[in-house]
Structures are given as structure tokens and as C-alpha cells.
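Residues 415 to 612, numbered by the working numbering, are exactly what the sequence shown covers, in order.
What follows is a set of notes on a single structure, which appears directly below.
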Amino acid sequence: MTRRTPVVRTALTTAAVLALGALAPTAALAAGKGQPAAGAPIQDVIWGGVVGLLTAGCVLAVGVAHRQGRIRWLSALGDFSARVSGFPAWYALPAAVAGISLLVAVTGFYWDVATHIDNGRDPGPFGNAAHFPILIGLGGIALAGIVAVLLGADRRDAAAVRLRSGWRVPLGGLLVLVCGAFALSGFPLDDVWHRLFG
């Protein structure tokens, strides 16, 4: 009997695991039940678009009013968060919004996974109630980034990005905004995927 070196054993083990892994999707497809996924019903797409545009419009209106100094409650809320936490307002309020949003999103995520394990695929982005906390949580993460950008960074923040004269925004808040918007784009992109590929 030939003795194999540790490198050969590792290579053979890796090849065996990869071969079994390649067969797993075939087994999953064979065991699948129900119809393959398709795009969402058009009324879901329309309602989702309307709600998304209205929400974005409201957030934009509040943002413009805050930057023009017509509303003071956002700054007051930021100052309160700063007093309670001991962190600067541009960090404290967005961190609270993001933390709560992540808890809401992860609750929806676990609920959604459990629903899919029990029932298989759903008919669209609003096909089961678990998608709503996910959407709300992801929207809250994007909102946390927007709040950070609106509150702006103070002079102590060396990593701030200058948007224009008198408006410096925290780099982290800008990144949270981009990540939240990207995460929200997953719902319509998922629908496009299923329309194209089933």
C-alpha cells in the first residue's frame, strides 16, 4: 500500500468535497416542490415603486428643510442622542437608527428563511409577511446614512468628506448610505433576475 503525502491527501479530500458540493444543487432541484420562481405580479411592482418614491420624496423634503434651517427637530434629536450616548450627534443618532433597523431586518430575515424552509419559494417580493420587516430594516439602514449626511460632521472629524462649502459629512455615514441603498436595490434586482431566469 502506497503512503500518500499530506499534500496529496489534502488535495484528494478537497476534490472529493468539491465533487459532492457540485452534486448538491442537483439534489436540491430534484427535491424541489412547486413551480419555479417568476417575476412579481405587476401590481406588486407598481405599489412597491409608489411607496418607495413617496418615502424617498418625504426623506428628501425633510433633508432639504433641515439643510435650509427650516426645521430644527432633527438637530435637537441628534443633540439628545449625543447627550445620552456621549458621542457626537452625527454618530449617535445614525448609530441608534442603524442598530434598531438591523434588529428589525434580521428578525425579518430569520422569519423569511424559516418560511422558505417550510413552504418553499414565495410568489414575489411581497409574497410573505416576513419581507416587510426586511424592507423596513434595510430602509432604516439607508435612513441612518442619510441622517449622518444631513447632520454633517464637525471639524474634529478628520475623515469627513466635503460635499460643498460648510457641509462636511462623515465618511462612515456616507458609506452606510451607499450600503443601505445597495441593499434595498436587491429587491427589484431579485425580481428582474426571476423574470429573466425563472
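Using N, Cα and C, we set each Cβ at its ideal position, and we do this for glycine too.
Source: prediction; values computed, not measured.
Whether residue i touches residue j by CB criterion (8 Å)
i       : j       : result
Gly-582 : Ala-574 : According to the sequence as given, residue 582 is Arg; it is not Gly. In this structure, Ala-574 lies closer than 8 Å to Arg-582 by Cβ.
Gly-554 : Ile-514 : yes
Gly-559 : Val-590 : yes
Pro-508 : Gly-587 : yes
Other residues of its chain near residue i: CB distance less than 8 Å, five sequence neighbours each side excluded
i       : result
Ser-489 : His-480, Ala-503, Leu-565
Arg-570 : Pro-502
Pro-455 : Pro-537, Gly-538
Thr-469 : Gly-553
Residues that residue i bridges to, as DSSP identifies them
i       : result
Trp-581 : Arg-578
Buried or exposed by the 16-neighbour rule on C-beta atoms within 10 Å, applied to residue i
i       : result
Asp-568 : exposed
Ser-495 : buried
Ala-506 : buried
Val-474 : Per the sequence presented here, residue 474 reads as Leu, with Val not at that position. Result: exposed.
Val-563 : buried
Ala-528 : exposed
Gly-471 : exposed
C-alpha gap between residue i and residue j, whole angstroms
i       : j       : result
Ala-512 : Val-606 : 28 Å
Trp-525 : Arg-578 : 43 Å
His-530 : Asp-604 : 16 Å
Arg-609 : Asp-536 : 14 Å
Gly-551 : Leu-557 : 10 Å
Val-561 : Gly-477 : 8 Å
Arg-484 : Phe-611 : 49 Å
Asp-493 : Leu-516 : 22 Å
Val-498 : Leu-491 : 11 Å
Asp-532 : Gly-466 : 30 Å
Leu-598 : Gly-580 : 30 Å
Asp-458 : Ala-572 : 44 Å
Val-592 : Leu-585 : 11 Å
Gln-482 : His-545 : 36 Å
Arg-486 : Ile-460 : 34 Å
Pro-602 : Val-464 : 13 Å
Cβ-based neighbour list, residue i, same chain, cut-off 7 Å, excluding 5 preceding and 5 following
i       : result
Ile-548 : Ala-519, Gly-522, Phe-523, Asp-526
Arg-576 : Arg-582
Ala-510 : Ser-495
Cβ-heavy atom distance, residue i to the ligand NAP, below 7 Å
i       : result
Val-520 : The model depicted lacks the ligand NAP and carries no ligand whatsoever.
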